[in-house]
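Chains as they are written, first to last, in our numbering: chain A, 2 to 455; chain B, 2 to 455.
This report refers to the structure that appears directly beneath it.
2 protein chains.
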Amino acid sequence: MSDQTKFVLDETQIPKTWYNLAADLPKPLPPVLHPGTKQPVGPADLEPLFPMALILQEVSAERYIDIPEPIRDVYRMWRPTPLIRARRLEKALDTPAKIYFKYEGVSPAGSHKPNTAVPQAWYNKEQGVTRLSTETGAGQWGSALAFAGALFGIDVTVFQVRVSYDQKPYRRALIETYGARCIPSPSKETDSGRAILARDPNSPGSLGIAISEAVEVAAKDPQVKYSLGSVLNHVMLHQTVNGQEAIKQFEMTGDDPDVIIGCTGGGSNFAGLVFPFLGLQLRGGRKRRIIAVEPAACPSLTRGKYAYDFGDTGHLTPLVKMHTLGSTFIPPGFHAGGLRYHGMAPMVSHIHELGLIEARAYHQKTCFDAGVQFARCEGIVPAPEANHAVRCAVDEALRCKREGRPETILFNMSGHGHFDMAAYIAYFDGKLVDQDYDEGELAMALAGLPSVAA
Amino acid sequence: MSDQTKFVLDETQIPKTWYNLAADLPKPLPPVLHPGTKQPVGPADLEPLFPMALILQEVSAERYIDIPEPIRDVYRMWRPTPLIRARRLEKALDTPAKIYFKYEGVSPAGSHKPNTAVPQAWYNKEQGVTRLSTETGAGQWGSALAFAGALFGIDVTVFQVRVSYDQKPYRRALIETYGARCIPSPSKETDSGRAILARDPNSPGSLGIAISEAVEVAAKDPQVKYSLGSVLNHVMLHQTVNGQEAIKQFEMTGDDPDVIIGCTGGGSNFAGLVFPFLGLQLRGGRKRRIIAVEPAACPSLTRGKYAYDFGDTGHLTPLVKMHTLGSTFIPPGFHAGGLRYHGMAPMVSHIHELGLIEARAYHQKTCFDAGVQFARCEGIVPAPEANHAVRCAVDEALRCKREGRPETILFNMSGHGHFDMAAYIAYFDGKLVDQDYDEGELAMALAGLPSVAA
Chain A
2 MSDQTKFVLD ETQIPKTWYN LAADLPKPLP PVLHPGTKQP VGPADLEPLF PMALILQEVS
62 AERYIDIPEP IRDVYRMWRP TPLIRARRLE KALDTPAKIY FKYEGVSPAG SHKPNTAVPQ
122 AWYNKEQGVT RLSTETGAGQ WGSALAFAGA LFGIDVTVFQ VRVSYDQKPY RRALIETYGA
182 RCIPSPSKET DSGRAILARD PNSPGSLGIA ISEAVEVAAK DPQVKYSLGS VLNHVMLHQT
242 VNGQEAIKQF EMTGDDPDVI IGCTGGGSNF AGLVFPFLGL QLRGGRKRRI IAVEPAACPS
302 LTRGKYAYDF GDTGHLTPLV KMHTLGSTFI PPGFHAGGLR YHGMAPMVSH IHELGLIEAR
362 AYHQKTCFDA GVQFARCEGI VPAPEANHAV RCAVDEALRC KREGRPETIL FNMSGHGHFD
422 MAAYIAYFDG KLVDQDYDEG ELAMALAGLP SVAA
Chain B
2 MSDQTKFVLD ETQIPKTWYN LAADLPKPLP PVLHPGTKQP VGPADLEPLF PMALILQEVS
62 AERYIDIPEP IRDVYRMWRP TPLIRARRLE KALDTPAKIY FKYEGVSPAG SHKPNTAVPQ
122 AWYNKEQGVT RLSTETGAGQ WGSALAFAGA LFGIDVTVFQ VRVSYDQKPY RRALIETYGA
182 RCIPSPSKET DSGRAILARD PNSPGSLGIA ISEAVEVAAK DPQVKYSLGS VLNHVMLHQT
242 VNGQEAIKQF EMTGDDPDVI IGCTGGGSNF AGLVFPFLGL QLRGGRKRRI IAVEPAACPS
302 LTRGKYAYDF GDTGHLTPLV KMHTLGSTFI PPGFHAGGLR YHGMAPMVSH IHELGLIEAR
362 AYHQKTCFDA GVQFARCEGI VPAPEANHAV RCAVDEALRC KREGRPETIL FNMSGHGHFD
422 MAAYIAYFDG KLVDQDYDEG ELAMALAGLP SVAA
């Protein structure tokens, strides 16, 4: 049907395996290092934090990893997610380009995050774990893990960055509706939190601080494991259900994407859409342009250093090689709380280093311009994070118009903005400002990177 | 597949016609009366408010009315909506019943309301109308019409009940994101609003007042038409896309609903799911139990009078025969703003009077109990309105358990609660109270019903 808008698959077509990009990388990922010895860590080093099944996925080189049936059984509550052609946006832009988006906002928590929250909760449950601790920024991840915890009877504690906790009471209410506990970070519940509060009782918090708190809880209590919503290899792996579905859905469209776009904070929604397509390319398929879009106020891929760094402010995590702004870097205020992380997933960093993807940074106002235009054409109000991908897709479509090229553009609509309407109110009130990060502060944060022999 | 959870249809299966229950009613609907002459109104009387195509639908006795392709083209942005089996809820209740729900929250505005907002905007546009005025309570309807207005280039003005305007800034932000204007009601922009404010400058407003304001704007300005999100026959008609899809989806399940449930405020989401099933019955098919669920604090079907009444507080609308609490009745505070209307759709009232449906009223706390249990099992956080349907579905499933009957239950999940999380916060804080309406006030409101010769 030539005017088809929405490409849906039934639940039997949810992928049966996750796709592991590590199997097809032209050069292997640098190893993860122990923060003390600076030697490569083994699975046993990670056991205090993660169940063994996830550790093995973290280091796996297998191309395909089976998705256990109980996890597919949960996925089918909302997956496969639709691939939608943005015909009204194309028309408004008067572009010869075709614009498609994969809509991950249909999940119960409203974003792509349950794709990994569900397997993480399930593997923990299989190993007998009954309590999980984690951090969240804007709250997409915290609500996703709370949802997964509710399904499998796991108690979840979420350390939410203080400024988001105060600004987004509805996201916190969602976390509590799923039965989890939500604590503003820095908190008095951990040494890491108390140390920060001692220096600054009004600290707005950061993802790096909240990670330290959540890791500390798990490290100190053998009953508790830790769960991370992005950055790690097994998180990227779980997210690939999305890109695999998109490949099947493109077979229905008769089109083939020339440009694939995702926003990047820790890298997980980007990886989820992009890795399966990149895998096709690395196994001899067609080369496509792949663009990672990040906030100009927290530009790890475009302005960070590719170096070993800690994942958290308190330096409790292993060292990973990634594009980083330095673990002490605190970005200025902006509304895409999910993109406020100092580092980038090692796998995403690695493929950027290998020249397999492009990266681009935007300030927030122009992203909201694009998001509002998208909402008025396509109905869906994007999350502030996803507005970065929309901005890039619109710019690429306008380039196609200038160049007279009927390219096919695909982007990931990683989540809806229902819990972020305060940001839209600020936008309409003219109160969104585009703050630059402090160059001096970045230089200082980068100077503080741990020294690791090359 | 025996363990299937989600029953999806592709967009080619969106119904091509709306179903008009009027064609199958055993007894015709009582006529709509002119408020002055108290004689039946003709199409010309309604022309100041509505485009002729909608007026003709309002009085049509045709069983099927074609859905114009441009409307189906918009429906495919989110329709067909999924039919989902609530397997985890069944398990938590340990019931032999099968519980299904039709999930209308996947629409861009998050509820069933765009099913009629889109055709209403389109028919107005076809007649050259460029401005629409309407009212909204909780904001589901206002945001749906704002969305539809954005698609067809129509300026939309929404009078939102003051108490909801203040309590739900995110819903208002959604209306504004779609480019519409949102005004708290009572306002100084209309005679009706000014009259209320003169008596009570702090009036919290009501749907009846907001309707008066919106109708007045349209009645006074030939450039503006009025749009109503519930109650009227053409609104019920448009909503039947949902029930028709549900019938097709049940063919995929191998089950057949014994009990069908919807919450009722003005009646539109209930009618949309129920009327197509009821039509099958009236044409000789199987009899099913059909239950309308309303709030105990605003119980038009269970405690109202079946009588001619005005649709608004200012008495600007025609008189319709319906279950009513009286147009001056103001319900006590509760969180399902979409169910705070003094009257019930004439078609829903009529079939209740004919004994074709049951009605039941619940206070809000028990509805939230059920809604939270549902969220923890099925992930979706229901709107406070939809929690009434969840409560009834759970109660029916528990009855099945007591009676050992493996019945099939279907309910309409009319919308998600992402914009209503303040109500969940109040629930968890123990601040939700079950207020009864004032019996004296109800008696007075009913005593004030207009006198109409039988």
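Idealized CB from N, CA, C, for every residue including glycine.
Only a predicted model underlies this, so the values are computations on that prediction, with no experimental measurement involved.
Residue contact with chain B for residue 386 (chain A): absent (no Cβ-Cβ distance below 8 Å to any residue of chain B).
Contact check between the segment 368-382 of chain A and the segment 342-359 of chain A: fewer than three CB pairs, one atom from each, fall below 8 Å, which does not count as touching. Among the residues of chain A, those whose CB is under 7 Å from the CB of residue 422 (chain B) are 171, 174, 175, following chain order. For residue 24 (chain B) and residue 387 (chain B), the gap between their C-alpha atoms comes out near 29 Å. Annotated as proximal: residue 185 (chain B) and residue 163 (chain B), with beta-carbon spacing under 8 Å.
Under the Cβ distance rule, residue 7 (chain A) counts among the residues neighbouring chain B, one pair being separated by less than 8 Å. Taking a C-beta distance under 8 Å as the contact criterion, residue 234 (chain B) and residue 59 (chain B) qualify as a contact pair.
In this structure, the CA atom of residue 374 (chain A) is about 14 Å from the CA atom of residue 176 (chain B).
In the displayed model, residue 159 (chain B) falls within a strand according to three-state DSSP. The alpha helix (DSSP H) runs lying completely inside the segment 14-46 of chain A and spanning 4 residues or more number zero.
Annotation: residue 203 (chain B) is outside any alpha helix (DSSP H) and is labelled neither H nor E by DSSP.
Within the model, the alpha-carbon separation for residue 183 (chain B) versus residue 315 (chain B) is close to 20 Å. Contact annotation for residue 151 (chain A) against chain B: 376, 377, 378, 380 [CB-CB distance below 9 Å, chain order]. Residues 15 of the same chain have their beta carbon placed closer than 6 Å to that of residue 80 (chain B), with the five preceding and five following residues left out of the count. Residues 109, 110, 115, 118, 179 of the same chain have their beta carbon placed closer than 7 Å to that of residue 148 (chain A), with the five preceding and five following residues left out of the count. Linking residue 231 (chain A) to residue 196 (chain B) through their CA atoms gives a straight-line distance of about 56 Å. The C-beta distance from residue 74 (chain B) to residue 18 (chain B) rounds to 16 Å, too long to fall under 8 Å, and the pair is not in contact. Taking C-beta atoms as the reference points, residue 132 (chain A) and residue 225 (chain A) count as a pair closer than 8 Å. Under the 10 Å beta carbon count, residue 209 (chain A) is surrounded by 16 or more other beta carbons and is classified as buried.
Residue 8 (chain A) has A:84 as its beta-bridge partners, per DSSP.
Annotation for residue 211 (chain B): 136, 160, 162, 186 place their beta carbon closer than 6 Å to its own, counting only its chain and skipping 5 residues before and after. For the C-beta of residue 290 (chain B), not a single chain A residue is nearer than 9 Å; the gap to the nearest is close to 27 Å.
According to the DSSP assignment, residue 324 (chain B) belongs to the beta strand (DSSP E) that extends over 320-325. Residue 262 (chain B) places its beta carbon less than 8 Å from that of residue 393 (chain B). The beta carbon of residue 35 (chain A) sits no closer than 8 Å to any beta carbon of chain B. Taking a C-beta cut-off of 9 Å against chain A, the contacting residues of the segment 176-198 of chain B are 177, 178, 179, 180, listed in chain order.
In terms of beta-carbon proximity, residue 109 (chain B) lines the interface with chain A, with at least one pair separated by less than 8 Å. Residue 52 (chain A) is positioned such that its CB atom lies no closer than 8 Å to that of residue 104 (chain A). Proximity of residue 426 (chain B) to chain A, defined by a Cβ-Cβ separation below 8 Å, is satisfied.
Taking 8 Å as the threshold, the shortest C-beta distance from residue 395 (chain A) to chain B does not fall below it. Residue contact check for residue 336 (chain A) against chain B: no CB pair falls below 8 Å. Going by DSSP, residue 414 (chain A) is part of the beta strand (DSSP E) stretching over 409-414. Here the alpha carbons of residue 451 (chain A) and residue 172 (chain B) stand approximately 47 Å from one another. Taking the Cα of residue 28 (chain A) as reference, the smallest distance to any Cα among A:283, A:329, A:330 is reached at A:283. With fewer than 16 other beta carbons inside 10 angstroms of its own, residue 445 (chain B) counts as exposed.
Runs of the alpha helix (DSSP H) lying entirely within the segment 377-450 of chain A, each at least 4 residues long, are 385-404, 422-429, 440-448 in chain order.
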